[in-house]
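Colleague: Residue numbers (my numbering): 449 to 682.
Note that the Cβ used here is the ideal one computed from N, Cα and C, for glycine as well.
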DNA sequence: GCGACAG
DNA sequence: ATCTTGTCGC
C-alpha cells in the first residue's frame with residue numbers, strides 16, 4: 449500500500465521544516481539555474497555523488513573521475529544522522545547535507561558534477577541537481593534511473609527528449625544495450641545537448657556513467673564499514 | 001477527489 | 001533507498 453508510506457514519512461518531517469518554504473526555495477532555484485555551457489576546456493576532472501542509507505544514517509559519497517580515461521582518482525565519504533524523510537519532489541532536502549559534506553571533503557578541483565537525481569526534470573524545474581549545482585557553483589548534470597515527470601518523445605538513436613508542460617526538460621538516454629534508459633537533465637551551467645553528450649562519454653559499458661557508479665560503490669562500501677562498527681555516524 | 005511520485 | 005535467491009539473456 450503506497451498510501452501508508454506517505455503518512456508515516458510526513459510525520460517524520462523536522463519541526464523547523466515547511467513544505468511551503470521548500471516550494472518557495474525551489475521557485476527561486478528554478479529562476480537562477482543557468483542552462484548555458486560554462487564548462488572548462490579541456491575538461492579533466494569530473495565529480496560524482498550518491499547517498500546510501502541505513503535505519504538512521506545517510507552515507508554521502510563523492511568521487512573524482514579523470515576525463516576522458518574515466519579512472520577513479522579519489523573517493524570521500526561521510527555518515528550523518530538522517531533528518532529528512534524521502535518525499536517525491538523534495539529529494540534535495542533529504543540528500544543535500546550528506547552530499548555537500550562529502551563534496552567538501554573531496555575538494556573543489558572538479559570541472560563538472562554528476563548527481564544521482566534530476567535537474568530540470570522536475571515539477572518545479574528545480575530538482576536536486578539544480579539545488580546542488582547552485583550551492584557549489586559548478587556545471588552540474590542530473591541523472592535519474594526512473595522518470596519522475598513528463599513523457600518520453602520520439603527516439604533519435606540512443607536518446608529521446610522528455611516533454612513536460614509543453615517543454616523539453618530532459619532526455620532519456622540509452623547508455624547500454626538491453627538496459628532501460630537513464631534520465632538526463634540540466635542541473636546548472638550546462639546545456640541539455642552537452643549534458644547528453646558528456647553522460648554518454650562518461651559511460652563505460654555500464655548503465656550508469658562512471659562518476660555516479662563509482663560514487664554508489666563508495667557509498668555502499670562505507671555503509672558496510674558503518675554496519676561493522678568501523679565508522680561513526682555523526 | 002484519485003492516482004503518481006527521483007532516492 | 002532498503003530487504004533478498006534464483007534466474008533469463010546477451
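In this structure, how does DSSP classify residue 661 when only helix, strand and coil are distinguished?
Modeller: helix
Colleague: Using 10 angstroms around the beta-carbon of residue 585, count the other beta-carbons present and answer buried if the total reaches 16, otherwise exposed.
Modeller: exposed
Colleague: Under the rule that 16 or more other beta-carbon atoms within 10 Å means buried, what is residue 603, buried or exposed?
Modeller: exposed
Colleague: Just how far apart, CA to CA, sit residue 545 and residue 675?
Modeller: Taking the straight line from one Cα to the other gives about 21 Å.
Colleague: Is the stretch 628-643 touching the stretch 580-597, taking contact as three or more C-beta pairs under 8 Å?
Modeller: yes
Colleague: Tell me whether residue 449 sits in a helix, a strand or coil according to DSSP, three-state version.
Modeller: Note on residue 449: pLDDT 41, under 50, position unreliable in the model; the coordinate value appears next. Three-state result, residue 449: coil.
Colleague: Output the residue ranges of the beta strand (DSSP E) runs that lie fully inside the stretch 502-554 and measure 3 residues or longer, sorted by chain position.
Modeller: 505-514, 520-529
Colleague: With a cut-off of 8 Å on the beta carbons, I'd call residue 616 and residue 647 a contact; round off their distance for me.
Modeller: Incorrect: roughly 16 Å between the Cβ atoms, too far for contact.
Colleague: Report, in whole angstroms, the separation of the C-beta atoms of residue 515 and residue 492, which I expect to be a contact under 8 Å.
Modeller: Between residue 515 and residue 492, the beta carbon gap of about 6 Å places them in contact (Cβ cut-off 8 Å).
Colleague: Using CA atoms only, rank isn't needed, just tell me which of 679, 548, 538, 551 is closest to residue 574.
Modeller: 538
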